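**Q** Take a look at this one; I'll ask things after.
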Amino acid sequence: MKYIDEFRDPALAKNLFRRIESLVGPAGGTKEKPLQIMEICGGHTHAIFRYGLDKLVPAELEFVHGPGCPVCVLPMSRVDDCIEIAARDNVIFCTFGDAMRVPGTRKSLMQAKAEGCDIRMVYSPLDALELARRNPDRDVVFFGLGFETTMPATAVTIRKAAADGQTNFSVFCNHILVPPPLRALLSDPQMRLDGFVGPGHVSMIIGTEPYRFIAEEFGKPLVVAGFEPLDLLQAIVMVLQQLAEGRAEIENQYARVVPANGNPHAMAAIEAVYEPRSSFDWRGLGEIDRSGVKIRGEYAAYDAEVKFGVGYGAGKAAGREPEGCRCGDVVKGLIKPPACPKFGGECVPERPLGALMVSSEGACAAYYQYGGTRREEAA
Amino acid sequence: MCLGIPGRIAAIRDAERRIASVDFSGVRRDVDLTCVAEGALDDLVGTWVLVHVGFAMSVIDEAEAQRTLEALAELGEAEEEYAAMRESAAMLEERP
Ligand code: SF4
Chain A
1111 MKYIDEFRDP ALAKNLFRRI ESLVGPAGGT KEKPLQIMEI CGGHTHAIFR YGLDKLVPAE
1171 LEFVHGPGCP VCVLPMSRVD DCIEIAARDN VIFCTFGDAM RVPGTRKSLM QAKAEGCDIR
1231 MVYSPLDALE LARRNPDRDV VFFGLGFETT MPATAVTIRK AAADGQTNFS VFCNHILVPP
1291 PLRALLSDPQ MRLDGFVGPG HVSMIIGTEP YRFIAEEFGK PLVVAGFEPL DLLQAIVMVL
1351 QQLAEGRAEI ENQYARVVPA NGNPHAMAAI EAVYEPRSSF DWRGLGEIDR SGVKIRGEYA
1411 AYDAEVKFGV GYGAGKAAGR EPEGCRCGDV VKGLIKPPAC PKFGGECVPE RPLGALMVSS
1471 EGACAAYYQY GGTRREEAA
Chain B
83 MCLGIPGRIA AIRDAERRIA SVDFSGVRRD VDLTCVAEGA LDDLVGTWVL VHVGFAMSVI
143 DEAEAQRTLE ALAELGEAEE EYAAMRESAA MLEERP
């Protein structure tokens, strides 16, 4: 955690903390029943822990860490599918480094690589396409992973591959969308959320309109925020202000980067290449309606699911989570990570049992790295 | 992978394929500009863009770029991104 004096603008930070303190009561927070504000994006989760914002805000306010870390919500069966494709003759399987350590039912991509599968870490789908160009006798498959921020990148890459007729290149599409799990969480009777801090870079692509249902149907405020600590604090002030005034609106703290209508070029690329799946499985949350996308038939030649007959709806049962692991309850914000019996013992960042321990954007890894919130909350 | 990283467009490498060479604190790599520009690209040389996995997603001003770089450095994410870029470039040069 950081001291307020280490913030970029300590005077502004102090002022924002003071406003949070004065607003939290009128907004309805009490020590017994703190307000629950969900930060959706894993980048925000990481920043909250890095700066200890969870410890610096008053006890009447609690952060609930949302499902916005794509590797954390990746079901084990999808990792198994990746390994199945990677093990095929002649395949080079390319992935972002983040996905390498996510546990599958039996092993991770890292282990599969050690056992001899040709698996490569790439920074960009463009590099996977380039690899295909340089290896015309191999089948290069790119693992398309992530929310709306990485979706335009794989969409544009597929269109480039199609324009080039690069038929030894395909994408194993596991892209997921941010708004549908929010609807699922808000509809869950176990959940008690008071407001949201919306993701910055996802919103830069999709704009603020797709969140409207949160205010209109569920009566909760959402404020899109940048991921600097001052941005986050500012967004929390804005959420509390809405709660105190009895408003529920979609507001934008990060307008310097997020236009209200998003990035139309990126949205057009997504629209041209992908279509929604009727439902998709999220680790810890289960099947959620229209929460994932697949590649349109027009680009079937570049769809690894079609090419290899592996993947969603191929008749496999969802992988079971390891015995005793509480990933689902953590993803829903029902418990804090240390309340999981595996936390810090059988499950640590070097040997993750659950996906939330894999990336620093996962709630369990962030807790492990930076220490948790107030002790009593862990119970 | 989820947080973009700011870089400065150094040159247009292939206008037809919408590819620019972008400078990330000294690491250069190809970036696709499809999502930030229609038509001519030359005016973009020198501007800052927010880049996600090799694709520019937003044109930003220099102050915003510096602020974002500082925040990413604090989170350790900037170094991770540069390392991923370097490793990916090295991987492409490896003999198959
Ligand atoms: S500690 Fe490990 S097993 Fe437990 S909830 Fe977190 S990631 Fe899952």
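In order, the protein sequences belong to chains A and B. Each residue of the first sequence is one higher than the one before, counting from 1111 in the numbering used here. Each residue of the second sequence is one higher than the one before, counting from 83 in the numbering used here. Here a beta-carbon is modelled for each residue, glycine too, at the ideal position from N, C-alpha and C. Here the structure is a predicted model, which is why all the values come from computation and not from measurement.
Would you decide whether ARG1188(A) is buried or exposed? Buried here means 16 or more other CB atoms lie within 10 Å of its CB.
**A** When all chains shown are included, ARG1188(A) counts as buried.
**Q** Where does ARG1216(A) fall in DSSP's three states?
**A** Of the three classes helix, strand and coil, the one that applies to ARG1216(A) here is coil, per DSSP.
**Q** Classify LEU132(B): buried if its beta carbon has 16 or more other beta carbons within 10 angstroms, exposed otherwise.
**A** LEU132(B) should be labelled buried.
**Q** Do the CB positions of GLU156(B) and ARG1160(A) come within less than 9 Å of each other?
**A** The answer is yes: Cβ separation under 9 Å.
**Q** Assuming SER107(B) contacts ARG95(B) under a Cβ cut-off of 8 Å, what Cβ separation, rounded to an integer in Å, is found between them?
**A** Actually they do not touch by this definition, with Cβ atoms about 19 Å apart.
**Q** Going by Cα to Cα distance, which pick from ILE1380(A), MET1220(A), SER1388(A) is closest to PRO1290(A)?
**A** Comparing Cα positions, the closest option is SER1388(A).
**Q** Note down, in chain order, every chain B residue with its Cβ under 9 Å from the Cβ of PHE1337(A).
**A** Those within 9 Å of PHE1337(A) in chain B are LEU85, THR150, ALA153, LEU154, LEU157.
**Q** Just to confirm my understanding: we take TYR1409(A), look at its own chain, exclude 5 residues before and 5 after, and list those with CB closer than 7 Å. What are they?
**A** Hits under 7 Å: ILE1268, ALA1272, VAL1383.
**Q** Which value, in whole angstroms, describes the spacing of the CA atoms of LYS1141(A) and ALA1224(A)?
**A** Going by the C-alpha atoms only, they are around 50 Å apart.
**Q** Please report the straight-line C-alpha distance between GLU1319(A) and GLN1363(A), rounded to a whole angstrom.
**A** If I take the Cα positions, the gap works out to 15 Å.
**Q** For ARG111(B) and ASP1228(A), I'd like the C-alpha separation in whole angstroms.
**A** Using only the alpha carbons, I get a separation of about 24 Å.
**Q** With 16 other CB atoms within 10 Å as the buried threshold, where does ALA1222(A) fall?
**A** By the 10 Å Cβ count, ALA1222(A) comes out buried.
**Q** Which bits of chain A does PHE137(B) rub up against, with CB to CB less than 9 Å?
**A** SER1234, PRO1235, LEU1236, THR1260, PRO1262, ALA1263, VAL1266, THR1267, ALA1376, listed in chain order.
**Q** Check whether the Cβ of LEU123(B) lies closer than 9 Å to any Cβ atom in chain A.
**A** By this cut-off, LEU123(B) is not an interface position.
**Q** Using a Cβ cut-off of 9 Å (strictly closer), state whether SER140(B) contacts chain A.
**A** By this cut-off, SER140(B) is an interface position.
**Q** Report the rounded CA-to-CA distance for ALA172(B) versus VAL1232(A), giving the unit in angstroms.
**A** One C-alpha to the other measures close to 10 Å.
**Q** Determine, using beta-carbon pairs with one atom in the region 1304-1319 of chain A and one in the region 1142-1150 of chain A, whether at least three such pairs fall under 8 Å.
**A** Counting Cβ pairs under 8 Å, three or more are found: they touch.
**Q** Report yes if the C-beta of ALA1209(A) is less than 8 Å from at least one heavy atom of the ligand SF4; otherwise report no.
**A** It does not: the Cβ of ALA1209(A) is nowhere closer than 8 Å to a heavy atom of the ligand SF4.
**Q** Please check if any C-beta of chain B sits within less than 9 Å of the C-beta of ILE1286(A).
**A** ILE1286(A) does not count as touching chain B.
**Q** State the CB to CB distance for the pair MET139(B) and ALA1376(A), rounded to an integer number of angstroms; the pair is presumed to be in contact (CB under 8 Å).
**A** That pair is a contact at about 6 Å.
**Q** Does GLY128(B) pass the burial test, meaning 16 or more other C-beta atoms within 10 Å, or should it be called exposed?
**A** Classification for GLY128(B): exposed.
**Q** Identify the contact partners of ASP114(B) in chain A, using a Cβ-Cβ distance below 9 Å as the criterion.
**A** Chain A residues near ASP114(B): SER1234, LEU1236, ALA1263, VAL1266, THR1267, LYS1270.
**Q** Do ALA1236(A) and ASP114(B) have their CB atoms nearer than 9 Å?
**A** Checking the sequence, you will find Leu at residue 1236(A) rather than Ala. A contact, by the Cβ cut-off of 9 Å.
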